[in-house]
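Student:
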Amino acid sequence: MFNRTHFPVHFDLRPVTLSDADSHFALIDGSRDYLRRWLPFIDDSRSPEDSLGFLQYALQAQEEGSAMYFAILSEGEFAGVIGYHRIDRENNIATVGCWLGLPYQGRGLAHAAYAAVIEYAFTELDMNRVQMFVSTDNERSNRAKERLGMTREGLIRQAEWLYDRYVDHCIWSILRDEWNQREEPAR
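Residue 109 in the UniProt record's numbering sits at position 109 of the sequence shown, and the numbers go up by one each step.
#1: By the DSSP assignment, the alpha helix (DSSP H) with S19 in it spans what residues?
#2: How far does the alpha helix (DSSP H) with Y120 in it reach, from first residue to last?
#3: What residue does the beta strand (DSSP E) around S135 start on, and which one ends it?
#4: Check whether the region 140 to 148 and the region 99 to 114 are in contact - that is, three or more C-beta pairs closer than 8 Å.
#5: Starting from the Cα of V96, find the closest Cα among D168, F70 and P103 and give me that residue.
#6: Let me check understanding here. Comparing Cα to Cα, which of D164, S135, R176 and W172 lies closest to Q124?
#7: Check whether the Cβ atoms of residue 191 and L109 lie closer than 8 Å to each other.
#8: Check each candidate in D50, I87, D43 and S74 and name the one with the smallest Cα separation from Y64.
#9: May I have the straight-line CA-CA distance separating R187 from R107, to the nearest angstrom?
#10: If distances are taken between C-alpha atoms only, which option among D50, Y34 and N92 comes closest to A121?
#11: Tell me whether G80 is buried or exposed, calling it buried when 16 or more other Cβ atoms sit within 10 Å of its Cβ.
#12: Quick one: what does DSSP say L155 is sitting in, helix, strand or coil?
#13: Give a yes or no on whether the C-beta atoms belonging to G30 and G101 are separated by under 8 Å.
Structure follows, in structure tokens:
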């Protein structure tokens with residue numbers, strides 16, 4: 001499904017399944033404090049049943065064609081989720097998001113997974129634009145988008161309520177022509 005031959009890190013992506021519920025929850029639970037800094041759903045993930053609910057939603061959205069979610073695997077272990085949270089077929093825009101459990105941070109997995117789903121969006125889904133929204137406080141993630149060759153288009157003020165405060169988001173995008181014209185694969 002994904003061409004990952006040009007990435008320096010070994011990983012696999014596969015569509016999420018209902019059988020991922022226990023692994024999904026365990027990774028969230030083990031990384032709760034870290035993930036809570038960036039993701040609004042962590043407090044609602046209190047059991048494997050909550051993860052199962054997300055996975056059921058993800059599979060339904062994929063069936064409808066409005067979203068797609070993939071498990072990120074590192075050496076066969078469930079390391080996180082990446083996906084197209086919104087697929088806008090009318091305008092050919094895919095909105096991508098990703099999270100990795102704390103034990104899998106700093107290995108290049110997110111960067112490689114992002115590059116793979118960007119490539120897939122352009123070559124297989126026929127998208128013209130891929131965009132991502134990132135908290136302005138998440139410096140590592142913002143730097144990663146720049147390394148992918150994305151353009152920071154601007155700031156969305158108070159874009160998200162995150163538990164006890166509003167957070168601003170940077171909006172990042174890359175167009176198919178820009179992706180195809182980059183000199184070498186994003187690393």
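The beta carbon of each residue, even a glycine, is placed where N, CA and C say it ideally should be.
Tutor: Let's see:
#1: S19 -> no alpha helix (DSSP H), and no H or E assigned at all.
#2: L109 to T123
#3: R129 to S135
#4: yes
#5: F70
#6: Checking the sequence shown, residue 124 turns out to be Glu, not Gln. That would be R176, whose Cα lies nearest to the Cα of E124.
#7: Look at the range of the chain in this structure, 1 to 187, and you will see that residue 191 is not part of it.
#8: Just to set this straight, residue 64 is Glu in the shown sequence, not Tyr. Taking only the C-alpha atoms, the option nearest E64 is I87.
#9: Caution applies to R187, whose pLDDT of 46 falls short of 50 and renders its modelled position unreliable; the model cannot decide the point.
#10: N92
#11: buried
#12: strand
#13: yes
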